[in-house]
Every structure is written in structure tokens, then in C-alpha cells.
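What follows is a set of notes on a single structure, which appears directly below.
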Amino acid sequence: MTKIRVTHWLVRATCMSLGLGAVLGIIIGIDALGSPTTSPVLGTITVLIYLAIGAAAVGLWFGEELGLRATRLLLIAQVPIVQSTSFSYLFYTGASFLIYVGSEFGLNGFIGSAYVLQVHPHGTSSAGYLVGVNLLAIAMLTILSRVDLMPFSSSPPPPFK
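Counting the sequence shown from 1 gives a position; the numbering used here is that position plus 1079.
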């Protein structure tokens, strides 16, 4: 598989999507902290997660190994979608394109950021059953699997000789 540089436009687009999504997530998290229905602990965790995403995207933009690894890890967390009467999980930053099966089949796309982690004791939720994946997160992971942070061994030829 051909390696791409961290300056490739697909890598830059991934960084920008995650960075803008992180800003939105931080704003949403701070707003949720002021809500009486949101746990202060979960609101703080949400803000910290989106701060980590923003830091990882900036690190990747500048070609840092830690930024690349952290971005990959945070994208892996954005792949699954699960919903049942007792548990729900959805997490995306910047944008998502979801495909899911279960009590419904569908495709859905979202722009923005969301973090949903709900536990419903004794199956008290009226939600149906869904299992799916975020295809955009998988595409971004595929792009990042090709990134080579090391400089290429041969220098480019001079423009004119």
C-alpha cells in the first residue's frame, strides 16, 4: 500500500474535520455543564474527551507520532454504534456517516459532534435495537493507516537544472 505524507490533503481534511468537531464538542460539553439534567462528572469527561481530540488533531497536523496514534485511537472509539433497551453508545466528531441494522435498517449522516453513553437499568428505555458502524470514521482510519511520518529517503529533484 502506498504511503502518504502527513501534508496530504486527505490527512489535512481529517485534521480539520476532527479539530472543528472538537471545538463544537467542547462548546456542547461546557453548555451541558450548566444544565441541571447533566451530571457534572459526565459533562467534564465530555469536555476532556473533545480537548484530547483537538490536541490529537493538532499533533497530527504537525506530524507528531503521538498525534497520529491518539487520532487513530480516538477514531476507533467513533466506529461502533450500539443501541438497546439497556445501553446506548454513539460518538462522533466533525461528521459521521452511519450504517446500522436491527429493529431498523438505515443510513444516516450528521455534521457536528455527539457523545451519547446511556445505561438504562433493567431495560427501561423504549429504544429499539441497533448495531452499526460509522463509515466516515473507518475511512479516516484507512487514510491514517497509510500515513508515513518519516521523511522520504530521496529528496525531490531540483525544479530546473
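Ideal placement from N, C-alpha and C gives every residue a C-beta, glycine not left out.
When you compare the CB positions of residue i and residue j, do they come within less than 7 Å of one another, or not?
i	j	result
Thr1172	Leu1097	yes
Gly1126	Ile1105	It should be noted that the sequence gives Val, not Gly, for residue 1126. Yes, the pair counts as a contact, with Cβ atoms nearer than the cut-off.
Val1158	Val1212	yes
Tyr1129	Ala1156	no
Leu1103	Gly1191	yes
Leu1228	Glu1144	yes
Ser1167	Leu1215	no
Ala1135	Leu1154	no
Ser1182	Gly1207	yes
For the beta strand (DSSP E) containing residue i, list its first residue and its last residue.
i	result
Thr1172	Phe1166 to Gly1181
Val1161	Pro1159 to Gln1162
What is the rounded straight-line gap between the Cα of residue i and the Cα of residue j?
i	j	result
Trp1088	His1199	42 Å
Ala1111	Ala1131	18 Å
Gly1122	Leu1169	16 Å
Ile1178	Ser1165	21 Å
Ala1149	Gln1197	24 Å
Val1292	His1201	The requested residue 1292 does not occur in the structure, where the chain is confined to residues 1080 to 1240.
Ser1118	Ile1124	10 Å
Thr1116	Ala1193	17 Å
Val1093	Val1210	It is Thr, not Val, that sits at residue 1093 in the sequence shown. Those two C-alpha atoms are separated by around 25 Å.
Val1195	Ile1107	12 Å
Lys1082	Arg1151	16 Å
Phe1189	Gly1133	19 Å
Met1095	Ser1163	33 Å
Gly1138	Val1226	13 Å
Asn1187	Leu1099	20 Å
Val1120	Ile1217	29 Å
Trp1140	Ser1114	34 Å
Run through the DSSP bridge pairs and tell me what residue i is partnered with.
i	result
Ala1111	For Ala1111, which the question treats as bridged, DSSP gives no partner whatsoever.
Gly1185	Tyr1179
Arg1084	Asp1227
Leu1097	Answer by DSSP bridge pairing: none, since Leu1097 is not bridged.
Leu1209	Gln1162 and Gly1181
Val1195	Leu1169
How would you write the range of the alpha helix (DSSP H) that residue i sits in, first residue to last?
i	result
Gly1138	Pro1119 to Trp1140
Gly1146	Glu1144 to Ile1155
Leu1214	Leu1214 to Ser1224
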